[in-house]
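Enquirer: Just so you know, the protein sequences line up as chains A and B, in that order.
To convert, note that position 2 of the first sequence is 1147 in the numbering used here; the numbers rise steadily by one, no gaps.
To convert, note that position 120 of the second sequence is 129 in the numbering used here; the numbers rise steadily by one, no gaps.
In this text, a Cβ means the ideal position worked out from N, Cα and C, and glycines have one as well.
Fair warning: this is a prediction, and the values are worked out from it, not measured in the lab.
Structure incoming, see below.
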Amino acid sequence: MPVDKTVFPRPRVSLSRRGVLAGAVASLGLAVPAYAERQAPLVDAAEWHSFRDRFIQADGRVLDTANGGISHSEGQGWGMLFAARFDDRDSFTRISDWRRRVLKRSHDALHAWRCRAGPAEVVDDFNNATDGDLLIAWGLLEAANRWQDAALLVEGQALAQDILRLLVRSPGGRTVLVPGLRGFEHPTYVVVNPSYYIFPAFQVLAEAVPDPAWVEIAAHGINLLRSGRFGRWQLPPDWLAVTGRAQLPRPAPGWPTRFSYDAVRVPLYMAWAGLAHEPAVAAAARLWSRPPSVVMPAWVDLVSGQSADYPAPTGIRAIAHLSIAASSGLGGLAGMPHVADADDYYSAALTLLSRLAWRDLGMPV
Amino acid sequence: MNGQPVNPRDDDPDRIWEELYQPDVTALPPTPLSRQQKRSRRIALSVAGTTLSLLLLIGGGVALMVGSVFSLYTAIEQRDGAYLESHVDWAQLQPALRADLQRLASQGDAEGASSDAYLGRLIDTTTRAGRQPERLADILAARERWQANYGPIHPGLRDIVDSVQMLAGLEFRLDLIADPYTVVSGVSLCLRPSGHGGPGMRLITLGWPESGRHC
C-alpha cells in the first residue's frame, strides 16, 4: 500500500536565545492532581504491547516507520501517553528519558520536533511542533497522576506553561495555537494546524495549570473548526490560514488543500473530548459512511474534489469507526481495527488512540 | 605732641564709623495684623495641615496596601495555605472566576450543546484547580513570564508600582486611593481591605484584566 503520510517540513531555525525558564514552578510539597476519571483501561494491554514491541527501541526512541525511521516529539508524546495509560512505567521512563535527552530544548520547556533517522541521534530542526509538546505534557501529567510522581508533575506543568507562554497568538482577536515557534506567522495571516487542537489534553493541562487561556484557546478552536471547513464534504484542511474574527479562515497558501493525514485527527480528538456532534466530526463521519462498495479514500482534496486512489489505512479506518459510533451511536468496539493490523507507526498510533478514546467515552464494547 | 601715646586705631575708619553710628536696636512695636491677613494665615495653616494629613493618610494607605499585597504574594509564593485560607475569600472567588471564564468561552462564539458541555467541564476544571493555593502560584508565575494582558497603571503610582513589582513580581493598578484597591497581575487580582483579621486584604476575584471587571 502506498504510504504518503508527508512529514511537512518545518522551517529550519537555529535555537534562539530565550529567557531561561524562571524557577517559579511549584517544586515542593505539591499535591499531584487526581485524574481518577482518566485511569487507564488496561483491557487493551495487548494492543499496547503490539505498538511497543514494533515501534519503540530499547532506549525508548519511538520510530516513525513510514518516514524512514525518523523520530519526533509527536511519537515520543504518544508513546508516553500510552505507557502511562497502560501502567507500563519502565517503558514510560525509557521513552521520556530519550525525549528529555535528545529532543528537549535547552532554553525553554519545549522540544525540538524531529530527530534524523539513524543511531547518531541528530536533531536537525530545533523548531518545535505544538502537537508534540501538548502530547508530551499530557503524557507527563497522566504519568504524574498514575504513579504519584511530583517531579513528573513539575515537568508537565513547566511544559504546559511554556505552551501558553510561547505558542499562543491572537490574530485579529482570534486566539490560536501556532503549530510551532517559527515559520507560521505571516504579515496578513497565521497558519494553524487544526489537528493540533488536542481537546482532551486541554482538560488535563488546565487541571495542572489552571490558566484561563485554555478556555479561550478551546472556545476559539471550536469556532475555528466550525468556520474552517471547505469543499463538497465541508471538512477542515490539514492547514488553515487565520486572519481574524471578521474574516473566515481559508486553506493555508502553500499547503495541500486536503483533508488528509493531519486533519483526520480532528474528528478523533473532538470525539474523544465529547464533541462528536460538532460539524467537523459529523462531516468526517459522512465522508466515511459511504456504502461498502465505495472505497474509503486516504484523503480528499477540498478544492478540486479529487480523492486518493488508494484506500485509507488502518489508523484512519479506526478513527472513522470511532467518529461514526460517537456521532450516530452505530457500531461496537468489535468493529474497531487492531494495532497489529496497522502497516506503520502512524496508523498503529491512530488505532491505539481510537481505542483509548472509545474506552474513555464509555462506549459499548 | 602732648606726649600721649598714639592709638594706632585712631585712623581706622571702621572703628570711627562704629563709634559714631550706634544703630537703635529697639524693636518696633508689632503692627496689628489685619483681619484679612489673619484669615489668610489660618487658611494657609489649615491647608498645610490638611495636605500633610492627607499625605500621611495616602502614604499610610499605600504602605498598608503594599505591605498587605506583599504579604499575600509571599504567602502565594511560599504556598502558605493557612494564610491564603484566611485572606482569600474563596466563596466569592469561585463564582467570580467561573463567570470570567464563561465570558471568555462565549467570546469564542462556540455555543452548542456538546461544546457547552465540553467548555463547561474545562471551566469547572480550571475553577476547581484554581482553588488550590499552589495552583494560584503557578498561574501567577506563568503569567508573569508571559508578560501578557497587564492592565493600565495609574501614572502617579508608577514609581511605587515599579519598586513593588521588583520586589513582588506583581503589577498594581489603583483607580482610587479609597477602596477598592485593585491589583492587577496577569490574572487580575482584585483586593479589598479585609473585613477581619487586621490589615490584610481579601482576594475576592481572579479574572482577566481586559474584561474591565472591577472589584
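Of all the options A1211(A), L1309(A), A1262(A), which has the alpha carbon lying nearest to the alpha carbon of A1353(A)?
Expert: Along the first sequence, one-based indexing puts residue 1353(A) at 208. The residue with the shortest Cα to Cα distance from A1353(A) is L1309(A).
Enquirer: Thinking C-alpha only, which one of N1273(A), A1471(A), E1423(A), P1509(A) is nearest G1328(A)?
Expert: Working through the first sequence from its first residue, we reach residue 1328(A) at position 183. If we check each option's Cα against that of G1328(A), N1273(A) comes out closest.
Enquirer: Determine the extent of the alpha helix (DSSP H) in which A1471(A) is found, giving its start and end residues.
Expert: On the first sequence, position 326 is the one that residue 1471(A) refers to. Looking at the DSSP string, the run of the alpha helix (DSSP H) that includes A1471(A) is 1459 to 1473.
Enquirer: Give a yes or no on contact between the stretch 1471 to 1488 of chain A and the stretch 1496 to 1506 of chain A, applying the rule of three or more CB pairs nearer than 8 Å.
Expert: Touching, yes.
Enquirer: Does the distance from the CB of Q1392(A) to the CB of P1424(A) come in under 8 Å?
Expert: Position 247 of the first sequence holds residue 1392(A). Position 279 of the first sequence holds residue 1424(A). Not in contact: Q1392(A) and P1424(A) (Cβ atoms no closer than 8 Å).
Enquirer: Could you name the residues of the stretch 1418 to 1442 of chain A whose beta carbon sits closer than 8 Å to any beta carbon of chain B, in the order they occur along the chain?
Expert: Answer set for the stretch 1418 to 1442 of chain A: A1418, G1419, L1420, A1421, H1422, E1423.
Enquirer: Spell out whether any CB of chain B is found under 8 Å from the CB atom of H1217(A).
Expert: Walking along the first sequence from the start, residue 1217(A) turns up at place 72. Cβ-Cβ to chain B under 8 Å: no for H1217(A).
Enquirer: Hey, how far is the Cα of S1236(A) from the Cα of S1449(A)?
Expert: Here residue 1236(A) corresponds to residue number 91 of the first sequence, with the count starting at 1. Here residue 1449(A) corresponds to residue number 304 of the first sequence, with the count starting at 1. One C-alpha to the other measures close to 44 Å.
Enquirer: Look at the alpha carbon of D125(B) and the alpha carbon of T135(B), and state the distance between them as a whole number of angstroms.
Expert: Taking the second sequence and counting its residues from 1, the one referred to as residue 125(B) is at position 116. Taking the second sequence and counting its residues from 1, the one referred to as residue 135(B) is at position 126. Between D125(B) and T135(B), the C-alpha separation is close to 15 Å.
Enquirer: Nearest-angstrom Cα distance between I1464(A) and G117(B)?
Expert: Taking the first residue of the first sequence as 1, we reach residue 1464(A) at position 319. Taking the first residue of the second sequence as 1, we reach residue 117(B) at position 108. Distance between the alpha carbons of I1464(A) and G117(B) is about 27 Å.
Enquirer: Please list, in chain order, all residues of the same chain as A1346(A) whose beta carbon is under 6 Å from its beta carbon, the five residues on each side excluded.
Expert: The sequence position of residue 1346(A) within the first sequence is 201, counting from 1. Same-chain partners within the cutoff: L1279, W1283.
Enquirer: Take V1313(A) and list the residues in its own chain whose beta-carbon comes closer than 7 Å to its own, dropping the five residues that flank it on each side.
Expert: To locate residue 1313(A), count along the first sequence from 1; it is residue 168. These residues qualify, in order along the chain: T1320, L1322, A1358, I1362.
Enquirer: Would you mind sorting A1265(A) into buried or exposed? The rule is 16 or more other CB atoms within 10 Å of its CB.
Expert: Stepping through the first sequence from its first residue, residue 1265(A) is reached at position 120. So A1265(A) counts as exposed.
Enquirer: Using beta-carbon positions only, say whether S1340(A) and A1416(A) come within less than 8 Å of one another.
Expert: Counting from 1 along the first sequence, the entry for residue 1340(A) is found at position 195. Counting from 1 along the first sequence, the entry for residue 1416(A) is found at position 271. Their beta carbons are not under 8 Å apart, which means S1340(A) does not touch A1416(A) by this criterion.
Enquirer: How should V196(B) be labelled, buried or exposed, when 16 other C-beta atoms within 10 angstroms of its C-beta is the threshold for buried?
Expert: Locating residue 196(B) in the second sequence gives position 187, counting from the first residue. Unreliable placement is indicated for V196(B), whose pLDDT of 35 sits below 50; no coordinate value is reported for it.
Enquirer: D1204(A) and R1239(A) look like a contact to me (Cβ under 8 Å); what is the Cβ gap, rounded to whole Å?
Expert: Translated into the one-based positions of the first sequence, residue 1204(A) becomes position 59. Translated into the one-based positions of the first sequence, residue 1239(A) becomes position 94. Going by Cβ atoms, the distance from D1204(A) to R1239(A) rounds to 7 Å, so yes, they are a contact pair.
Enquirer: In chain order, what residues of the same chain lie with their CB nearer than 7 Å to the CB of D1389(A), ignoring the 5 residues before and after it?
Expert: Residue numbering aside, residue 1389(A) sits at position 244 when the first sequence is read from its first letter. A small correction: the amino acid at residue 1389(A) is Gly; Asp does not occupy that position in the sequence shown. So the qualifying residues of the chain are P1316, G1317, G1318, R1319.
Enquirer: For E1266(A), name the three-state secondary structure that DSSP assigns.
Expert: As a first step, residue 1266(A) must be located in the first sequence, where it is residue number 121. If DSSP states are grouped into helix, strand and coil, E1266(A) belongs with coil.
Enquirer: Would you verify that the beta carbon of Y127(B) is, or is not, closer than 8 Å to some beta carbon of chain A?
Expert: Residue 127(B) sits at position 118 when you count from the first residue of the second sequence. Output row for Y127(B): interface = yes.
Enquirer: I'd like to know if N1516(A) contacts chain B, where contact means its C-beta is closer than 8 Å to some C-beta of that chain.
Expert: This structure leaves residue 1516(A) out entirely; chain A is present only between 1146 and 1510.
Enquirer: Taking a contact to mean a Cβ-Cβ separation below 8 Å, would you say Q1231(A) touches A1289(A) in this structure?
Expert: Here the question's residue 1231(A) lines up with position 86 in the first sequence. Here the question's residue 1289(A) lines up with position 144 in the first sequence. This sequence places Phe at residue 1231(A); Gln is not what is there. Cβ atoms of F1231(A) and A1289(A): not closer than 8 Å.
Enquirer: Run through DSSP, which three-state label would V1411(A) get?
Expert: Within the first sequence, residue 1411(A) is the residue found at index 266, counting from 1. In the structure shown, V1411(A) sits in a helix (DSSP, three-state: H, G or I).
Enquirer: Classify H1217(A) as helix, strand or coil using the three-state DSSP reduction.
Expert: As a position in the first sequence, residue 1217(A) is number 72, starting the count at 1. Correct three-state label for H1217(A): strand.
Enquirer: Is R1199(A) near the ligand NAP, going by C-beta to nearest heavy atom under 7 Å?
Expert: The ligand NAP is not among the ligands present in this structure, which contains no ligands whatsoever.
Enquirer: In or out: T59(B) buried (at least 16 other Cβ within 10 Å) or exposed?
Expert: By one-based count along the second sequence, residue 59(B) stands at place 50. Exposed.
Enquirer: Give the DSSP-derived three-state secondary structure of H1365(A) in the structure shown.
Expert: Here residue 1365(A) refers to the residue found at position 220 of the first sequence. If DSSP states are grouped into helix, strand and coil, H1365(A) belongs with the helices.
Enquirer: Determine the extent of the alpha helix (DSSP H) in which V1088(A) is found, giving its start and end residues.
Expert: Here chain A has residues from 1146 to 1510 only, and residue 1088(A) is not among them.
Enquirer: Could you have a look at A1296(A) and say whether DSSP puts it in helix, strand or coil?
Expert: Taking the first residue of the first sequence as position 1, residue 1296(A) is located at position 151. Residue state, collapsed to three classes: helix.
Enquirer: Output yes if chain B places a C-beta closer than 8 Å to the C-beta of W1503(A); else output no.
Expert: The residue labelled residue 1503(A) in the question sits at position 358 within the first sequence. Chain B, which has no Cβ nearer than 8 Å to the Cβ of W1503(A), makes this no.
Enquirer: Starting from L1385(A), trace the beta strand (DSSP E) in both directions and tell me its first and last residue.
Expert: Taking the first sequence and counting its residues from 1, the one referred to as residue 1385(A) is at position 240. Here the beta strand (DSSP E) through L1385(A) covers 1385 to 1387.
Enquirer: Kindly list, in the order they appear in chain C, the residues whose Cβ is closer than 9 Å to that of A57(B).
Expert: In the structure shown, chain C cannot be found, because the protein chains are A and B.
Enquirer: Could you name the residues of the same chain whose beta carbon sits closer than 7 Å to that of S1172(A), not counting the 5 residues immediately before and after it, in chain order?
Expert: As a working mapping, residue 1172(A) is identified with position 27 in the first sequence. The predicted model places S1172(A) with a pLDDT of 29, which falls under 50 and marks its position as unreliable; any figure quoted below should be read in that light. Taken in chain order, the residues that qualify are V1299.
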